[in-house]
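In this text, residue positions in the sequence shown follow the working numbering: the first is 276, and each later residue adds one.
Just so you know, even glycine gets a beta-carbon here, dropped at the ideal spot from N, CA and C.
Here the structure comes first, spelled out in structure tokens, and everything after it is commentary.
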Amino acid sequence: MKKLIYYAATSLDYKIADAHDQVNWLDELPNPQNLDYGHAQFYSSIDTTLMGMNTYKILESYEGPFPYKETKNYVFTSKNDRTATQYLEFINEPAVPFVKSLKAQPGRDIWLVGGGALGSSLLEAGLIDELMLFVFPVLLGHGIPLFKSVNSHQWLKLVHSQPYDTGVMALHYQVITQNEGRPTTSTV
Ligand SMILES: NC(=O)c1ccc[n+]([C@@H]2O[C@H](COP(=O)([O-])OP(=O)(O)OC[C@H]3O[C@@H](n4cnc5c(N)ncnc54)[C@H](OP(=O)(O)O)[C@@H]3O)[C@@H](O)[C@H]2O)c1
276 MKKLIYYAAT SLDYKIADAH DQVNWLDELP NPQNLDYGHA QFYSSIDTTL MGMNTYKILE
336 SYEGPFPYKE TKNYVFTSKN DRTATQYLEF INEPAVPFVK SLKAQPGRDI WLVGGGALGS
396 SLLEAGLIDE LMLFVFPVLL GHGIPLFKSV NSHQWLKLVH SQPYDTGVMA LHYQVITQNE
456 GRPTTSTV
């Protein structure tokens, strides 16, 4: 079974974009060693990306080539006004059964790129297996939350953490399923 991993950069107050849908604060943090925070290694471990329509709209507003040419890429929308491109398909059917069937296929893991709205539906359906968060040392105040809504307590198990010289903190969690209960001991 493929794992679905929500891999995202957040602010210290767990926003994935500011109030203007911008993520330029990610580039504002000095990074003299050009650290990629493990992104290339992570990208080689997946074969599929998932995005909500708002995330895709921000991505397509950037100049430059489409960044995820080596993977299958799906963008979820309730509308039917977009045509597939060379690199991605628009899915205007319910996300939960679609993602369930993707996870059952053989292959590498799936990257949930974001955002918080799509992430909420998939978390609520128990489909997210892991969170890999890169917490930037900035408070954004208003903005787009990591999850738009969480309707019941969802416990997570911290499996790895790593501070970087830039001040970014990597946090890798497994999502605990209902019948596993709460985490008992810390493993890190
Ligand atoms: N920091 C990071 O690493 C990171 C990563 C990703 C995104 N972001 C930022 O996050 C922001 C976008 O996040 P967001 O929470 O506003 O929106 P989002 O989850 O990217 O997109 C929401 C839209 O996706 C569609 N959608 C969501 N759930 C669906 C479902 N279950 N079934 C079918 N369609 C569904 C709907 O599109 P329709 O309205 O077309 O129906 C919905 O309006 C952007 O600013 C982006 O830059 C940051």
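Item to complete: Give me the Cβ distance between residue 452 and residue 305, rounded to the nearest whole Å; I'm assuming they're in contact under 8 Å.
Response: Contact check for residue 452 and residue 305: beta-carbon distance about 40 Å, past the 8 Å limit, so the pair fails to qualify.
Worksheet item: Just to check, is the beta-carbon of residue 458 closer than 7 Å to a non-hydrogen atom of ligand 1?
Response: The answer is no for residue 458.
Practice prompt. Tell me whether residue 351 counts as near ligand 1, meaning its Cβ is closer than 7 Å to at least one heavy atom of that ligand.
Written response: Under cutoff, so the answer is yes.
Worksheet item: Near residue 383, what residues of its chain come up, given a Cβ to Cβ distance below 8 Å and the 5 sequence neighbours on each side ignored?
Response: Cβ neighbours of residue 383 beyond the five flanking positions: 277, 320, 321, 322, 323.
Discussion item. With H, G and I counted as helix, E and B as strand and the rest as coil, what does DSSP make of residue 471?
Written reply: As shown, the chain starts at 276 and ends at 463. That puts residue 471 outside it, with no answer to give.
Worksheet item: Hey, is residue 393 close to ligand 1, as in C-beta under 7 Å from one of its heavy atoms?
Response: True, at least one ligand heavy atom lies under 7 Å from that Cβ.
Worksheet item: Between residue 327 and residue 351, which are expected to be in contact by the criterion C-beta below 8 Å, what is the C-beta distance as a whole number of angstroms?
Response: With a contact defined as Cβ atoms closer than 8 Å, residue 327 and residue 351 qualify at about 6 Å.
Worksheet item: Using a threshold of 7 Å, is the CB atom of residue 396 nearer than that to any non-hydrogen atom of ligand 1?
Response: For ligand 1, at least one heavy atom lies less than 7 Å from the Cβ of residue 396.
Item to complete: Tell me whether the beta-carbon of residue 413 lies closer than 8 Å to the beta-carbon of residue 300.
Response: Going by C-beta atoms, residue 413 is nearer than 8 Å to residue 300.
Worksheet item: To the nearest whole angstrom, what separates the beta carbons of residue 402 and residue 291, a pair I think is in contact under 8 Å?
Response: Contact doesn't hold; Cβ gap of about 18 Å is too wide.
Worksheet item: How is residue 331 classed by DSSP in three states: helix, strand or coil?
Response: If DSSP states are grouped into helix, strand and coil, residue 331 belongs with the helices.
Worksheet item: Using DSSP with H/G/I as helix, E/B as strand and the rest coil, what is residue 428?
Response: If DSSP states are grouped into helix, strand and coil, residue 428 belongs with coil.
Fill in: For residue 353, three-class secondary structure by DSSP
In this structure, DSSP gives residue 353 a state outside helix and strand, which the three-state scheme calls coil.
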